[in-house]
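Asks: Numbering (the numbering used here), first residue to last: 680 to 898.
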């Protein structure tokens, strides 16, 4: 894969107000057409591998075919009503990962994929795709200097979102929660107290679970 294919031109789109500071904009990468073709061809292969190994979380909706957001919302509401019908205290934490795609750690991602059983040949292709990237920011016809990209995947790439989903696929295994719902790159975590104890003790237990959840999340 030639490094020239990985050079991207970035434009900034305002999330809300037309005039805003850079941190309130969304960077969109103009990706080389040849790289887009390579990504799409390889993505078909990678998806087959991930599905065969069961590495795509069932709790994920969005970014994937036949994983409708509406279905996940209905399951989420059903879970909440189930706890409420039993008069059990329950809390839901909504997590918005700031600049999720831009924070993708290259070495950590490749290491995790290797531990998941992805072949070294596939790891090598993904590594070539990740490393040696350059970008230039364009605003009102003015361009910045070229700078290296040392973390994160290009916004707008079909491959970036699948790589991010795979990278965080084990999150529901170590976070203390009864049920998790991933909406695209966001998380809704349902946390409930133990059953079979007094309501007052349940509330105290729920607070303990929430504190533990936040501690793990910050870690």
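Glycine included, C-beta positions come from ideal geometry on N, C-alpha and C.
First and last residue of the beta strand (DSSP E) that includes residue 709?
Replies: Per DSSP, residue 709 belongs to the beta strand (DSSP E) from 704-709.
Asks: Which same chain residues end up closer than 7 Å to residue 704 when comparing Cβ atoms and leaving out the 5 residues on each side of it in sequence?
Replies: Excluding sequence neighbours, residue 704 sits near 691, 692, 693 and 694.
Asks: In the structure shown, what three-state DSSP assignment does residue 826 receive?
Replies: Strand, per DSSP.
Asks: Let me check understanding here. Comparing Cα to Cα, which of 832, 823, 824 and 795 lies closest to residue 807?
Replies: Out of 832, 823, 824 and 795, 832 has the C-alpha closest to the C-alpha of residue 807.
Asks: If you run the structure through DSSP and keep just helix, strand and coil, what is residue 745?
Replies: Three-state result, residue 745: coil.
Asks: Taking just the CA atoms, how far does residue 708 sit from residue 835?
Replies: If I take the Cα positions, the gap works out to 6 Å.
Asks: On the CB-based measure, 16 or more other CB atoms within 10 Å of its CB, does residue 720 come out buried or exposed?
Replies: It counts as exposed.
Asks: Please look up how many angstroms separate the CB atoms of residue 895 and residue 854, rounded, as I've assumed it's under 8 Å.
Replies: Going by Cβ atoms, the distance from residue 895 to residue 854 rounds to 6 Å, so yes, they are a contact pair.
Asks: Could you check where the beta strand (DSSP E) with residue 842 kicks off and where it finishes?
Replies: Here residue 842 belongs to no beta strand (DSSP E); instead the alpha helix (DSSP H) covers 837-846.
Asks: Put residue 734 into one of helix, strand or coil per three-state DSSP.
Replies: Three-state DSSP puts residue 734 in coil, outside helix and strand.
Asks: Using beta-carbon positions only, say whether residue 680 and residue 734 come within less than 9 Å of one another.
Replies: Cβ atoms of residue 680 and residue 734: not closer than 9 Å.
Asks: From the DSSP output, which residues share a beta bridge with residue 785?
Replies: BP columns for residue 785 are empty, so no partner.
Asks: Going by the CB atoms, is the gap between residue 771 and residue 868 shorter than 9 Å?
Replies: Going by C-beta atoms, residue 868 is nearer than 9 Å to residue 771.
Asks: I need the straight-line Cα distance from residue 851 to residue 803, nearest angstrom please.
Replies: C-alpha separation (whole angstroms): 27 Å.
Asks: When DSSP labels each residue in this structure, what does residue 854 get in the three-state scheme?
Replies: In this structure, residue 854 counts as coil in the three-state DSSP scheme.
Asks: Could you tell me which residues DSSP puts in a beta bridge with residue 860?
Replies: Answer is 867.
Asks: Is the stretch 736-749 close to the stretch 838-852, with three or more CB pairs under 8 Å?
Replies: Output reads yes: the stretch 838-852 touches the stretch 736-749.
Asks: Could you check where the alpha helix (DSSP H) with residue 642 kicks off and where it finishes?
Replies: As shown, the chain starts at 680 and ends at 898. That puts residue 642 outside it, with no answer to give.
Asks: Measuring only the C-alpha atoms, how far is residue 741 from residue 841?
Replies: Whole-angstrom Cα-Cα distance: 10 Å.
Asks: Identify, in the order they occur along the chain, each residue of the same chain with its Cβ nearer than 7 Å to the Cβ of residue 980, setting aside the five sequence neighbours on each side.
Replies: Missing from the structure shown is residue 980; the chain here goes from 680 to 898 and no further.
Asks: One question on the structure: do residue 788 and residue 809 come within less than 9 Å of each other, judged by their Cβ atoms?
Replies: Yes. Within cutoff.
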